[in-house]
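Novice: Note that the protein sequences, when read in sequence, are chains B and D. With the first letter of the first sequence counted as 1, position 35 gets the number 35 in the numbering used here; the numbers rise by one all the way through. With the first letter of the second sequence counted as 1, position 117 gets the number 1117 in the numbering used here; the numbers rise by one all the way through. Ideal placement from N, C-alpha and C gives every residue a C-beta, glycine not left out. Structure in structure tokens, see below.
Protein chains: 2
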Amino acid sequence: MSSTSSRPRTRKPPAERAAEIIAAATAIAREQGLSALTLRAVAERAGVASGLVAHYQPTMDDLVARVYADLVDEEVRDVEQVVGAVADPAARLGALIDTLMDGEREELTVVWVEGWAMARRNDALARAVAAQMERWQTLVESIIEDGCRTGAFSTTEPGEVAWELIGMIDGLNAQSLARGADTTRFAARTARAAEALVGAAPGSVPVSS
Amino acid sequence: MSSTSSRPRTRKPPAERAAEIIAAATAIAREQGLSALTLRAVAERAGVASGLVAHYQPTMDDLVARVYADLVDEEVRDVEQVVGAVADPAARLGALIDTLMDGEREELTVVWVEGWAMARRNDALARAVAAQMERWQTLVESIIEDGCRTGAFSTTEPGEVAWELIGMIDGLNAQSLARGADTTRFAARTARAAEALVGAAPGSVPVSS
DNA sequence: GAAGTAATTGATCTAGCGATCAATAGGAAA
DNA sequence: TTTCCTATTGATCGCTAGATCAATTACTTC
């Protein structure tokens, strides 16, 4: 009667297994937020014993930071692509606002907000949050600089204005998360505010809504 | 040798004790955030057995929501007072931006951000967050309406603009929390954006920085 | 002064967390 | 085939969380 029903073992190359575990963690974070990332939840999702997760990710704090960085990195790349398809700086700024406020990013807003909150108790995550914010800032700053070069925009501090724009958009997304309201209807107004900040003519930054 | 060193009991009127417990919880939340609100931490702070906290606050979720509501309520009243001392609508809007971005409210920004994150797993807190956001919105909307009445502002949707302003300011405060950067230097720029949103003349909303 | 009410205590229960580790077994190398 | 390495397992440790409750005791009432 020694029917110890043990899980069938499948041995994989370490790199592959490690990738699977991170993929499982990323999927959980996307669906349920960073706070749902527990050792056991990730193990179950990956179809693996909890000890194996710990083997590949010695501390959960690091895994959370890694997943956060991966998710935001993916989003930044996505937005870079959307925005890169538009040539005119003003239109590009409009496309940025559009895509960041189209309501399709609520999953990532959860991650973003939880990142802010959890970073206070997780140093690795705090570093990841800071790093990803700077990626955003760099992206936005380059759009503003382009606009200044073509004369569409006019500001002496594109870097600071970029931070301000990011803060605004993040805040509006966080608010829509908390209120269950739609962000889309703020896009046009945000474009007007953005024009004031970058020194563009009123109405020159187009949004699709 | 029956020296069971038990805590000396002090019996108080239920209302007084309940108030003490809430005060202890509020102090912890202010200093360390909402996530530091544990049954035992509150009990220790209040100088009381853990069971007594549970006696007065049957669930921690409710206590967290209550503390959140109290803290934000206090802040709203404070801002109402600051802003109420200014007669001119444009100056009042400037005073609002000033006081919300003077960097003295980092403690409450932590509470605010944690509220967003924790509300997803705490229904009572979610309701409190929604309620407090509406208080802010009402406050800002009334300023905008005043400005429209005097002709200083011009917008057909003061309520929507109020939501937008709140989102912007919250986002910038959250950002400064995450980056460890100063919010103050964004105040002037935020005033420019606010002018665009409420339909005020550029430079008409004054900030002290 | 006695009796009763209820405020208060602290131990205890269940549940979940991250982390650790001896034991097991898959698969490559000899 | 046999040997060896290590990927993998699952039990377990220590800790903290919220919640529960019988026992205790301070205070009110009669």
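1. By the criterion of Cβ-Cβ separation under 8 Å, what are the contact partners of D/TRP1116 in chain B?
2. From which residue to which residue does the alpha helix (DSSP H) around D/ASN1122 run?
3. Would you mind telling me which residues of chain D sit closer than 8 Å to B/ALA29, beta carbon to beta carbon, in chain order?
4. At least one CB of chain D closer than 8 Å to the CB of B/GLY171: is that the case?
5. Kindly confirm or deny that the region 130 to 142 of chain B and the region 1172 to 1185 of chain D touch, where touching means at least three C-beta pairs closer than 8 Å.
6. Which residue from B/ALA25, B/ASP88, B/SER50 puts its Cα closest to that of B/ALA69?
7. Name, please, each residue of chain B whose Cβ falls closer than 9 Å to the Cβ of D/ALA1130.
8. Just to confirm, is the Cβ distance from D/VAL1207 to D/ALA1193 under 8 Å?
9. Is the beta carbon of D/ILE1166 sitting closer than 8 Å to the one on D/LEU1093?
10. With a threshold of 8 Å between beta-carbons, can B/ALA193 be considered close to chain D, or not?
11. Given that a residue counts as buried once 16 or more other Cβ atoms are within 10 Å of its Cβ, and exposed if not, what is B/PRO13?
12. So which of D/ALA1191, D/VAL1053, D/ALA1049, D/VAL1110 has the shortest CA-CA distance to D/SER1006?
13. Per DSSP, what kind of secondary structure is D/GLY1180 in: helix, strand or coil?
14. Tell me which residue opens and which closes the alpha helix (DSSP H) that D/ALA1095 is part of.
15. Span of the alpha helix (DSSP H) holding D/SER1035?
16. Just the Cα atoms here: how many angstroms apart are B/PRO58 and B/VAL64?
17. Can you have a look at D/ARG1011 and say buried or exposed, based on whether 16 or more other CB atoms are within 10 angstroms of its CB?
18. Give the straight-line distance between the Cα atoms of D/ALA1126 and D/ALA1095, rounded to the nearest whole angstrom.
19. Below 8 Å CB to CB, which residues in the same chain sit around B/VAL76 once its five sequence neighbours on both sides are set aside?
20. What's the gap between the Cα of B/TRP112 and the Cα of D/ASP1073?
21. At least one CB of chain B closer than 8 Å to the CB of D/VAL1161: is that the case?
22. Is there at least one Cβ from chain D nearer than 8 Å to B/ARG127's Cβ?
23. Could you check if D/GLY1033 is buried or exposed, using at least 16 other CB atoms within 10 Å of its CB as the buried criterion?
24. Suppose you measure from the CA of B/ASP170 to the CA of D/GLY1203; what does that come to, to the nearest Å?
25. Between the C-alpha atoms of B/ALA15 and B/GLY47, what's the straight-line distance to the nearest angstrom?
26. Can you check the region 1122 to 1176 of chain D for any alpha helix (DSSP H) of at least 4 residues that lies completely inside it and give the ranges in chain order?
27. Taking the alpha helix (DSSP H) that B/ARG7 belongs to, which residues open and close that run?
Specialist: Taking the structure as given:
1. VAL113, ALA117, ALA174, LEU177, ALA178
2. Neither: D/ASN1122 is in no alpha helix (DSSP H) and is coded neither H nor E.
3. The contacting residues do not exist; B/ALA29 stays about 13 Å from chain D at best.
4. yes
5. yes
6. Comparing Cα positions, the closest option is B/ALA25.
7. ALA178, ARG179, GLY180
8. no
9. Not closer than 8 Å, so no.
10. yes
11. exposed
12. D/ALA1049
13. D/GLY1180: coil per DSSP, three-state reduction.
14. 1089 to 1100
15. Careful: D/SER1035 lies outside any alpha helix (DSSP H) and carries neither H nor E.
16. 12 Å
17. exposed
18. Each residue's Cα considered, the two are about 29 Å apart.
19. GLN132, ARG135, TRP136, LEU139
20. 26 Å
21. yes
22. So no, B/ARG127 is outside the interface.
23. buried
24. Taken atom to atom, the span from the alpha-carbon of B/ASP170 to that of D/GLY1203 is near 25 Å.
25. 16 Å
26. 1123 to 1150
27. Here B/ARG7 belongs to no alpha helix (DSSP H), and DSSP marks it neither H nor E.
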